[in-house]
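2 protein chains.
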Amino acid sequence: MLVASLRRSGSFLRQPSSLSLSLKTMRPLTLDSLNQQLQTVQYAVRGELAIKAETYRDQLKSGGHNLPFDKVISSNIGNPQQKGLDQPPITFTRQVAALTEWPALAELAPGVFPADVIARAKELQEEIGSIGAYSHSQGVPFIRKSVARFIEARDAHPASPDDIFLTAGASAGVSLLINMLITAPTDGVLIPIPQYPLYTATLAQHHGRPIPYNLDETSGWSTDPESIEAALTKAKAEGTTPKALVIINPGNPTGALLNSSTMEELVRLCARHSLVLLADEVYQNNLHDAKNHPFTSFKKVVRDLEKAGLQDKVPLVSFHSISKGVSGECGRRGGYFELTNVSTEVRALVYKLVSVGLCPPLGGQIGVDSMVRPPKEGDPSYPLWKSETDAIHAALASRTILMAQRLNALPGVSCVQSPGALYLFPRIALSARAIAAAKEAGKEPDALYALAMLDATGICVVPGSGFGQKEGEWHYRLTCLCPGVEEYVGKLERFHLGWVEKYGSE
Amino acid sequence: MLVASLRRSGSFLRQPSSLSLSLKTMRPLTLDSLNQQLQTVQYAVRGELAIKAETYRDQLKSGGHNLPFDKVISSNIGNPQQKGLDQPPITFTRQVAALTEWPALAELAPGVFPADVIARAKELQEEIGSIGAYSHSQGVPFIRKSVARFIEARDAHPASPDDIFLTAGASAGVSLLINMLITAPTDGVLIPIPQYPLYTATLAQHHGRPIPYNLDETSGWSTDPESIEAALTKAKAEGTTPKALVIINPGNPTGALLNSSTMEELVRLCARHSLVLLADEVYQNNLHDAKNHPFTSFKKVVRDLEKAGLQDKVPLVSFHSISKGVSGECGRRGGYFELTNVSTEVRALVYKLVSVGLCPPLGGQIGVDSMVRPPKEGDPSYPLWKSETDAIHAALASRTILMAQRLNALPGVSCVQSPGALYLFPRIALSARAIAAAKEAGKEPDALYALAMLDATGICVVPGSGFGQKEGEWHYRLTCLCPGVEEYVGKLERFHLGWVEKYGSE
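First to last, the protein sequences are chains A and B.
Here the working numbering runs 1179 ahead of the position in the first sequence, where the first position is 1.
Here the working numbering runs 1179 ahead of the position in the second sequence, where the first position is 1.
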């Protein structure tokens, strides 16, 4: 208003433009002047609790604190190799990585590297050249071929390197696809509740609407196509245009695994409603009971259905990553997505968009190669690789079972014993007193619980409100990655009992 | 229309929602159904020419071709370590990287690694833990401290690790900042013409407007604050709200270097117009004549001006990268940006947004550490580091001079001899006949020239139209990274003379 009246007075005609003064009165980089949509982004996995955990870690490091714990355990994030968890990296992966970093090592340190590692590094180097060079924007063609062969072996259906895009972890690919799919603020994407908050965060970033559908905790966090139909009906009634269906399988935070018949129904649902299927399959190798609960990819289901006569070509984007599984190489930032039933024109657009970011990190790309082409029986590196990966699978499975049992034995806690992924998502009953205390603190009740847990134990988890949950229900997500599981579970138990003593259990 | 009339007829009441049918009639993943804004993205550096160059490379590899060249030289992109250019990586950088990949090597290969490399890798490992773990989203705090000390030594002004964000190359940071700054489709960002197309591509992606200002070729591609004022006036008249000023220094594609007095004027201009200054300084260590043409950072200029009494706190974001300089480690994807005069609230928003992507690649972060903390005089690795980096600087400088001289000697070609960066941006006179031929082929005239060059020589450059240029002028950008410069320039000369013979020079 002030500017407008000044402008009318004509008192600063020598300014190149009157608008420049109106701009000058506001600071150019305040929250007000920035993209408001981005300010709605929430990402609880690295939110308030994780930041507080960092300050505790700093206090422990600098000494002179009076914290009631001597270490912080970051159970808020599936980060197997972090300090304190220390899941060892796969030796084969790191040997290949070290040799591609400094190829001269093969000769400078004779006998140190197994022959298959030397051969692998040499093969990669011949294809790639220096790993300090940009690769093809879509990823090194040779590594994409390896990925295609891995997919073919898994699914018994053809896969083409042209349809594979290597990425800096799965997140980068998800963000790109959602950015492409959202054409208007009324466009939406179906996401499970609870969900990994990457999806809501990315939708907020790209001005899209989440269309939540509930998973069923009473049947082991199963996915019910009926609840997706209901969510679609509601969304359309609200003026939302559904563009895609996100399925996380194995589930995050739930750890649930889909069976083939549900998957078939979901593919048919996508066909019926013309939805793109976004299949987040980054935990496909984290199976605690693979015999009874195997993993089936959506690629396989889509192709099987087509073989069986399904006319619709359901577009599918499947995401995988080196951050999870037995690899656990989060820091390398490696992963890929595969396009199925996607036209060459759309693929060319994807290529153009990824090319603006030049290429995924080469260290991550080489990590993908190691993941999809591990040592084979008979290779010099096989026995060590086998014992390392067996140990990781076994530790994760036994910890998950033990933790779920012990959590289920606590008053007011119930926990689905998940057959996959890295997490448990226990439900906690919070009393009216606890809810009132949370309200007074201006926090979600489960956030208050999680903060109290962090303060008391040094264990950092993520409140269920960060993933979404039914009204009036409370959960938290914790990883099953702790090394000393007895000590860890003991801390959780003592904290919970103290909480119940303070606030009651109903 | 068909759907609308069907809906009115009420003929499919049993559908759960009439909208589902309207969606069903369109394929869910066609170009039409995707974000239209993204389809306007142009990124010539990896566009038509680069894709054609790849197909030639494949043909050469598979044999049985009749191409008039035996190798493809990708001069379209500043990628020093790519096959065929083969700028060697800095040994120190790769030794540190190899040891952090597989720390056991220090003991398994005694005597192979210099003592300072072993100490550095150990220090990094103690701070980071495994490089297979996610780091702090903003980057490893210890490495950010190293970056802050590097900036302080360069500028003689304080720098804080809290203001530094490690990134996957500079591009990731630029994209984030532009996403934050654009709040409405009428917002714009001032970009130089010619510019590195990352800026127009990122603006297109985030629905913002480029506000072009011309660099002056006749005075060595200098930046004239008057021309920026003119661009601002024009933009405002057109209803565009200017949010930020992009300066690329040393220039890309121009190689020009700003002097301090121009930089001061530009900072004052940002203060006057309340603009955020985005300083792309990724070529700060690519100086061909550092004595006469030194680099000064915008951080230094901003702080110097404040010390001298400037009241306005101009917000500045400065970008740097390990992809260029003598490091040339493009494939690692490492870099950083520093925030200056940015509030803690805005910094917290930046943190939240980068945390959704989890963390920058650890290999890139460690590359940043090696770049900002190279071996010092007296360290065991210093002599080799010194000779390697001296050789890279010297080769780049001599090639740039020689190439500019030889290009300037060609009929219809004039080329500013750039004092910095990795490129030359020669201007080419194209005859009316050539322009007519281009029009017939549906191409920009300089794109036709560049395609003809690729077909004849295997040298891939980027047409000036990909960077922006004045109406009726034509250029191309080529890197000065070729190893056999005589052979390379010879090919360029022969091609150009052949072109002139075919199309004439006027």
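We put the CB at the ideal spot given by N, CA and C, even for glycine.
Source: prediction; values computed, not measured.
Measure from the alpha carbon of residue i to the alpha carbon of each residue in the options, then state which is nearest.
i: B/ASP1395; options: B/PRO1404, B/LEU1456 and B/MET1632; result: B/PRO1404
i: A/ALA1613; options: A/PRO1432, A/TYR1602, A/GLU1443 and A/HIS1675; result: A/HIS1675
i: A/VAL1480; options: A/GLU1508, A/THR1519, A/ARG1323 and A/GLY1514; result: A/THR1519
i: B/ALA1576; options: B/ALA1469, B/VAL1326 and B/VAL1533; result: B/ALA1469
i: B/LEU1208; options: A/THR1234, A/GLY1488, A/SER1522 and A/ARG1236; result: A/SER1522
i: A/THR1346; options: A/GLU1652, A/GLY1651, A/PRO1559 and A/LEU1537; result: A/LEU1537
i: B/SER1644; options: B/ALA1626, B/LEU1303 and B/GLY1308; result: B/ALA1626
i: B/TRP1653; options: B/SER1534, B/HIS1467, B/PRO1373 and B/ARG1482; result: B/PRO1373
i: A/GLU1280; options: B/THR1270, B/ASP1558 and B/VAL1461; result: B/THR1270
i: B/PHE1646; options: B/ARG1606, B/GLU1556 and B/CYS1661; result: B/ARG1606
i: A/SER1440; options: A/LEU1457, A/ASN1465, A/ASP1483 and A/ILE1427; result: A/ASP1483
i: B/LEU1457; options: B/ALA1487, B/VAL1446, B/GLU1485 and B/ALA1608; result: B/VAL1446
i: B/TYR1655; options: B/ALA1600, B/ILE1230 and B/CYS1594; result: B/CYS1594
i: B/LYS1492; options: B/HIS1452, B/PRO1247 and B/LEU1528; result: B/HIS1452
i: A/PRO1554; options: A/ALA1608, A/GLN1544 and A/SER1566; result: A/SER1566
i: B/VAL1461; options: B/ILE1427, B/TRP1678, B/PRO1473 and B/GLU1417; result: B/ILE1427
i: A/MET1550; options: A/VAL1220, A/SER1500, A/GLN1596 and A/ALA1574; result: A/SER1500
i: B/GLN1463; options: B/LEU1448, B/GLY1488, B/GLU1444 and B/SER1502; result: B/SER1502
i: B/LEU1424; options: B/ILE1370, B/LYS1618, B/VAL1547 and B/ASN1465; result: B/ILE1370
Put residue i into one of helix, strand or coil per three-state DSSP.
i: B/THR1519; result: strand
i: B/LYS1486; result: helix
i: B/PHE1344; result: strand
i: B/CYS1594; result: coil
i: B/HIS1315; result: coil
i: A/CYS1639; result: strand
i: B/THR1412; result: helix
i: A/TRP1269; result: Note that residue 1269 of chain A is Ile in the sequence shown, not Trp. Coil, per DSSP.
i: B/LEU1609; result: coil
i: B/ALA1338; result: coil
i: A/ARG1512; result: coil
i: B/ILE1361; result: coil
i: B/LEU1528; result: helix
i: A/THR1433; result: coil
Just how far apart, CA to CA, sit residue i and residue j?
i: B/LEU1454; j: B/PRO1429; result: 21 Å
i: B/ALA1615; j: B/PRO1624; result: 8 Å
i: B/ALA1611; j: B/PRO1642; result: 18 Å
i: A/THR1362; j: B/SER1212; result: 8 Å
i: A/GLY1352; j: A/LEU1377; result: 11 Å
i: B/SER1497; j: B/GLN1317; result: 15 Å
i: B/ALA1435; j: B/VAL1326; result: 25 Å
i: A/SER1686; j: A/VAL1664; result: The shown model of chain A, from 1180 to 1685, leaves out residue 1686 of chain A, and the question about it has no answer.
i: B/ALA1232; j: B/HIS1244; result: 14 Å
i: A/ASP1237; j: B/SER1314; result: 15 Å
i: B/VAL1268; j: A/GLY1311; result: A quick correction: the sequence has Pro, not Val, at residue 1268 of chain B. Computed Cα separation, rounded: 7 Å.
i: B/GLN1194; j: A/GLU1306; result: Low confidence applies to B/GLN1194: its pLDDT is 36, below 50, so where it sits in the model is not reliable enough to give any reading.
i: A/ILE1330; j: A/TYR1602; result: 25 Å
i: A/SER1196; j: A/LYS1531; result: In this prediction, A/SER1196 has a pLDDT of 37, which is less than 50 and means its spatial position is unreliable; what the coordinates show is noted afterwards. One C-alpha to the other measures close to 38 Å.
i: A/LYS1622; j: B/ALA1294; result: 52 Å
i: A/ALA1629; j: A/LEU1228; result: 8 Å
i: B/THR1379; j: B/ALA1414; result: 16 Å
i: A/GLU1666; j: A/GLN1648; result: 29 Å
i: A/ASN1438; j: A/LYS1486; result: 19 Å
i: A/HIS1467; j: B/MET1632; result: 58 Å
Q) What residues in the segment 1338 to 1372 of chain B bring their beta carbon closer than 8 Å to a beta carbon of chain A? A) Of all residues in the segment 1338 to 1372 of chain B, those with a C-beta nearer than 8 Å to a C-beta of chain A are ALA1347, GLY1348, SER1350, ALA1351, SER1354, ASN1358, MET1359, LEU1360, ILE1361 and THR1362, reading in chain order.
Q.
By the 9 Å beta-carbon criterion, what residues does the segment 1570 to 1589 of chain B contribute toward chain A?
A. If the cut-off is 9 Å between Cβ atoms, the segment 1570 to 1589 of chain B has nothing near chain A.
Q: Say whether the segment 1249 to 1256 of chain A touches the segment 1258 to 1277 of chain B, bearing in mind that this needs 3 or more beta-carbon pairs closer than 8 Å, one atom from each stretch.
A: no
Q. If contact means a Cβ-Cβ distance below 7 Å, which residues of the segment 1248 to 1275 of chain A contact chain B?
A. ILE1256, ASN1258, GLN1260, GLN1261, LYS1262, PRO1268, ARG1273 and GLN1274
(Q) Three Cβ pairs or more, each shorter than 8 Å: is that satisfied between the segment 1632 to 1650 of chain A and the segment 1504 to 1517 of chain A? (A) With fewer than three CB-CB distances shorter than 8 Å, the segment 1632 to 1650 of chain A does not count as touching the segment 1504 to 1517 of chain A.
Q) Using Cβ-Cβ distances below 8 Å, what residues of the segment 1433 to 1446 of chain B are close to chain A? A) none
Q. If we count Cβ pairs, one from each stretch, closer than 8 Å, do we get three or more for the segment 1333 to 1347 of chain A versus the segment 1583 to 1592 of chain A?
A. Touching, no, given that fewer than three Cβ pairs across the two stretches are closer than 8 Å.
Q. Taking any Cβ of chain A, which residues in the segment 1273 to 1300 of chain B have a Cβ under 8 Å from it, in chain order?
A. ARG1273, GLN1274, ALA1276, ALA1277, LEU1278, GLU1280, TRP1281, LEU1284, LEU1287, ALA1288 and VAL1291
Q.
Any C-beta of chain A within less than 7 Å: which residues of the segment 1498 to 1509 of chain B qualify?
A. GLY1507, GLU1508 and CYS1509
Q: Output, in sequence order along the chain, the residues in the segment 1208 to 1233 of chain B whose CB is closer than 9 Å to any CB in chain A.
A: Residues of the segment 1208 to 1233 of chain B with a Cβ closer than 9 Å to any Cβ of chain A, in chain order: LEU1208, THR1209, LEU1210, SER1212, LEU1213, ASN1214, GLN1215, GLN1216, LEU1217, GLN1218, VAL1220, GLN1221, TYR1222, VAL1224, ARG1225, GLY1226, ALA1229, ILE1230 and GLU1233.
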